[in-house]
């Protein structure tokens, strides 16, 4: 390894960290666009705070829980201590991570990933969950739950030993976020007015679809770093193949969702296409480095087709998820993880079995952790704002402000004078 | 070529592909901002689908039509077959493209370019064209028309032999999109209410100018990859000069449009300044690697000055283009291509003649292809929505949804209870 | 230095320039979101023009004023002539800047910085300043004032000799912008309706908080280049440490502002959290390369805590700053510069004294320059729009257009027919 190649590899992982960072803006605008106007400040507040809490807790303990190095309890849990503890020689940088990047680079890239799973939850619980309670849950989720299951694979734990494969986190990030979302949605119940007394579904359309569209494009943009950076070097063939499979899967996801939703609903549903793009991206994430372009298209297309079915499935069960996070991240995260056993370089029954074990184990742990901690919070302080607060909107009831001002304050003030 | 330099070169082209991707978000927000509120979903839907269709068709046939390699019919057309057909040795990567980047990198960078020309059309036909018909045309345009004329120059075809110069696509991308837009605008006719019976022009202002401004900044940001990546390596002097000329031309374009529109209309017209920036960017694109900073400023300034004149020119002829795509991409694309013969390293009569031939040939082919295919579609199924649909807006009539929700659904639902 | 390492270093500074460019979109959306609806076009117009004017004036004279090379008058002022004057051998690139980047790269990276300080002013003077007068001031500020004080440190002038430390510009960029903003706010006076006759403060809420939130995320994103690029090479350890300290300070700034404003106002104030993130970023900028992660958290947290106190402080003095630019950029710029003497590798009394001298000298010069030139403009032509114009809003009175259209023009036109 020359200094020059080391510098390039490191630079790419840093650029990837910046790209994954911009995914947080993508999530913020996507979720803000899909909620009602009266809850816009609330969702933006959550998304701002989650990135920040995620980075700080990952510094405080997450990183050392996810990458404990040395001894772990049977590959299930380990902890290298609070704060950052740079291994000897890592400051010299080329002694760390096969000389591909520095200890600081490793931390910041992983830290940017960590917060994404909590952000996924924030969309699903939007418009009805108490802000402070959500922030407590998100902190626990990102500080404890995500790093533990993350270690099982990326920290060299028992699933890694088993042969479970998850390139950039269809399971470790997306379905983890999705399981947390599902637990929260079950415990919270649906938004007022979403389901009528006689069981009908009343769609609650998002208040600003251009914001949601901006979110999807920014998420795709960030995914260049999410998947491309997961090569863990700037290896030319590796990163470029991942760019191709990622983009083709996203494109095929849009087409899949378009076709399926057009057949189902006879309309050009932009929400479905937007979620179809995300579905394709989540779907390819587990095996983006293993697939041919053609296989990526198939995986993405199927992920896109899944979306309208999954949205209807959850809606029928009164699992009210304002942004479709469970469909995109949980269902397509599972699909993408399974696809590694069905397509591409690793396809085969043994891989498929490993994938199923990984999906089940991480799903069980995450769902149990989320359901348990949310249940305790529900009993202790309640998860949900009051009916009055929900009707007024969380912006006014939790933040005493509105996202948009139509009345011109100074005109008003002057008129009063 | 060392492995290290190869890795850096490849990385830059990949980063450029990501930057060109974000231009699609730029186009989406620019066009959404400049249309009426009632057609917002429709334009976002188009822009989402075009990126995806563009990537998939470029995979299916566009790339092999644009870069057929080997034998072509006199440099006019060639085809290396459907799907991606990696040349022997290219997987080893350094045997491909002079060791600057891999086959996958080449594909994804070029694929990101391909969809931009169809996106240019979508702005011009906004607010009145049938969605499905547009998608059919866009597919044909990006799968067939763009790659064929692209091959003439970048695929080593007859214009390349002739000495025609187009660094990053003032003609091959922007004026191609502009010719398609012009053909469509002619066949579609203006929006209802744009021109009164006695021939007066009634401006139809865009519904959300902050969205349009976001679009212009994102397009500029993406242009770092569009022009910078067209160096086809990370060559330090080459890329940095292109960054300088690109930015100075954009800045001068804003000033040119500002001054010209201030003199013409006596107001500070933000739309003109925004389009002036784009004009400067389109104008410098053909020769961004050949110009000194001072020459870049002159080219950009003139491009900016052109904008208000061009907008008025088209408007007087009742060629109704809601976002000014023909002025920005067609007129300034031609200007930028000519400028290569007037300024910079290649200036001179022989170059100017080559430029004129290239502009005319590509313009004639693209306009004929677009006009012909749109005319057939018009005869077969009609290009335009009904008058009722246009008045109601395409969001409701084609998508059954609205871009913005002011009424709070759950409040409403609860009030009804 | 190998060609390969040189190419990578150069590429990173170019990427950083692109990232700093996107900060201008961040400022544009942040400021647009925080002003009233009726002044949206005006603030976007300013922000578009400032980037362009900044680039062109930096080309025309700023760069050679900031980096005069050779002889200067006692390290206080020097000028290498109008336009760009490439030093001999610099075209060969590796003879320039220790072989880390080319002359063009140096120019474009520095040019992107230059415009940011004028943009900071634009937010503070929003909603009441005459557009043309602002553009004249901004041109003087960015062409003359910023490069002169910039030279004192980054151009190797007297503050550099003295040992003053400012890694990426807490003082040279942010507090310079802040001093300009303060001078303008004093001379302009508050917006109509902001303070009642009996001295009460009437908050004028921003019209579109999602836009403001987008701005903050984009600024953070751009800061990867602002601070990361200030390493002036792609050095792996250097850039990665700066990424870590920058992000942790931003995160801690959000938490600091959250906690302090929650205690002070008992509400979850999103504006405070957004400005807290920016405060953390500004605070770490002077010493991002000197701090440990833990120290970065402390610096960022304190910067965040400062925000609500500072906002209240200025408001009580009727210094009306619609976007909080003085609190974020001036106060936290000073804090960050002082922090270099209090924390990290350079901490100590001698450093603290140098920091104080630098803060005072640059502050005095910039404030005097700004106050003086604005005072002359005030006497000559007036700074402020008329009361009628301010009440109507600058969009209508200066631009004859509105940022948003709720009425559908074509419907209206058709109804009239």
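Protein chains in written order, with this note's numbering: chain U, 734 to 1150; chain R, 734 to 1150; chain Y, 734 to 1150.
For each residue, glycine too, the CB sits at the ideal point set by N, CA and C.
For clarity, every value in this text was computed on a predicted model and none was experimentally measured.
Open item on the list: Please tell me whether residue 1072/U and residue 1041/U are closer than 8 Å, where the distance is taken between their beta carbons.
Closed with: no
Open item on the list: Going by DSSP in three states, residue 810/Y sits in which element: helix, strand or coil?
Closed with: coil
Task: Unbroken alpha helix (DSSP H) run spanning residue 1079/R, endpoints - done: Note, residue 1079/R: premise wrong, no alpha helix (DSSP H); not H, not E.
Open item on the list: Counting C-beta neighbours from all protein chains within 10 Å, is the total for residue 865/R 16 or more, i.e. buried, or is it exposed?
Closed with: Burial call: exposed.
Task: Coarse secondary structure for residue 1108/U, derived from DSSP in three states - done: Secondary structure at residue 1108/U: helix, using DSSP grouped into helix, strand and coil.
- [ ] Give the straight-line distance between the Cα atoms of residue 874/U and residue 858/U, rounded to the nearest whole angstrom.
- [x] Computed Cα separation, rounded: 14 Å.
Task: DSSP state of residue 1005/R mapped onto helix, strand, coil - done: helix
Task: Min CB distance residue 1065/U to chain R below 8 Å - done: no
TODO: Would you identify the three-state DSSP class for residue 1137/U, choosing helix, strand or coil?
DONE: strand
- [ ] Verify the CB distance criterion: does residue 845/U have a CB-CB separation below 8 Å to chain R?
- [x] no
- [ ] Determine which residues share a DSSP beta bridge with residue 934/U and list them.
- [x] In DSSP, residue 934/U forms a bridge with 928/U.
- [ ] Would you kindly report the start and end of the unbroken alpha helix (DSSP H) that includes residue 839/U?
- [x] Looking at the DSSP string, the run of the alpha helix (DSSP H) that includes residue 839/U is 836-857.
Open item on the list: Is it the case that the stretch 969-976 of chain Y contacts the stretch 831-849 of chain U, given that we only count it when at least three CB pairs across the two stretches are under 8 Å?
Closed with: yes
Open item on the list: I want to see whether chain R comes within less than 8 Å of residue 800/Y, judged by CB atoms only; does it?
Closed with: So no, residue 800/Y is outside the interface.
Open item on the list: Can you list, in chain order, the residues of its chain with a C-beta nearer than 7 Å to that of residue 942/R? Leave out the 5 residues immediately preceding and following it.
Closed with: 766 and 1003
TODO: Name the one or two DSSP bridge partners that residue 941/R has.
DONE: 1137/Y
Task: Delimiting residues of the alpha helix (DSSP H) encompassing residue 879/U - done: 879-886 is the span of the alpha helix (DSSP H), which, as asked, contains residue 879/U.
Open item on the list: Along the chain, where does the alpha helix (DSSP H) containing residue 1028/Y start, and where does it finish?
Closed with: Residue 1028/Y -> alpha helix (DSSP H) spans 1026-1049.
Open item on the list: One question on the structure: do residue 854/Y and residue 913/Y come within less than 8 Å of each other, judged by their Cβ atoms?
Closed with: In contact: residue 854/Y and residue 913/Y (Cβ atoms closer than 8 Å).
Open item on the list: Less than 8 Å between the beta carbons of residue 901/U and residue 966/U, yes or no?
Closed with: no
TODO: Can you have a look at residue 816/U and say buried or exposed, based on whether 16 or more other CB atoms are within 10 angstroms of its CB?
DONE: exposed
Open item on the list: Just to confirm, is the Cβ distance from residue 784/U to residue 850/U under 8 Å?
Closed with: no
Task: Neighbourhood of residue 771/Y by C-beta distance below 6 Å, restricted to the same chain and skipping five residues each side - done: 1126 and 1128
Open item on the list: Extract the residue ranges of the alpha helix (DSSP H) inside the stretch 752-793 of chain Y, only unbroken runs of 4 or more that lie entirely within it.
Closed with: 773-790
- [ ] Could you tell me which chain R residues have their CB closer than 8 Å to the CB of residue 737/Y, listed as they occur along the chain?
- [x] Under the 8 Å cutoff, chain R gives 735, 737, 738 and 741.
- [ ] Report back the beta-carbon spacing between residue 738/Y and residue 789/U to the nearest angstrom; my notes put them in contact at under 8 Å.
- [x] At roughly 34 Å, the Cβ-Cβ gap does not stay under 8 Å, so residue 738/Y and residue 789/U are not in contact.
TODO: Under 8 Å between beta-carbons, which chain U residues line up against residue 877/Y? List them in chain order, please.
DONE: Neighbours of residue 877/Y on chain U: none; closest Cβ ~33 Å, over 8 Å.
TODO: Give the C-beta separation of residue 923/R and residue 1051/R to the nearest angstrom, bearing in mind that I take them to be a contact with Cβ-Cβ under 8 Å.
DONE: 5 Å
TODO: Alpha carbon to alpha carbon, how far is residue 847/R from residue 786/R? Give it in angstroms, no decimals.
DONE: 10 Å
TODO: Below 8 Å between beta carbons is the criterion; list the residues of the stretch 938-970 of chain U that meet it against any residue of chain R, in chain order.
DONE: 938, 939, 940, 941, 942, 943, 946, 947, 949, 950, 951, 953, 954, 957, 961, 967, 968, 969 and 970
Open item on the list: Tell me which residues share the same chain as residue 1150/R and place their Cβ nearer than 8 Å to its Cβ, disregarding the 5 neighbours each side in the sequence.
Closed with: Its pLDDT being 44, under 50, residue 1150/R is placed unreliably in this model, and the value from its coordinates should be taken loosely. Taken in chain order, the list of residues that qualify is empty.
Open item on the list: Run through chain R and tell me which residues come within less than 8 Å of residue 748/U, C-beta to C-beta.
Closed with: 748
- [ ] Please list, in chain order, all residues of the same chain as residue 890/R whose beta carbon is under 6 Å from its beta carbon, the five residues on each side excluded.
- [x] 808 and 884
- [ ] Report the residue from 852/U, 1076/U and 1012/U whose alpha carbon sits nearest the alpha carbon of residue 988/U.
- [x] 1012/U
Task: Proximal residues, the stretch 755-774 of chain R versus chain Y, C-beta separation under 7 Å - done: 769, 770 and 771
- [ ] Express the C-alpha separation of residue 1045/R and residue 1074/R in angstroms, rounding to a whole number.
- [x] Using only the alpha carbons, I get a separation of about 27 Å.
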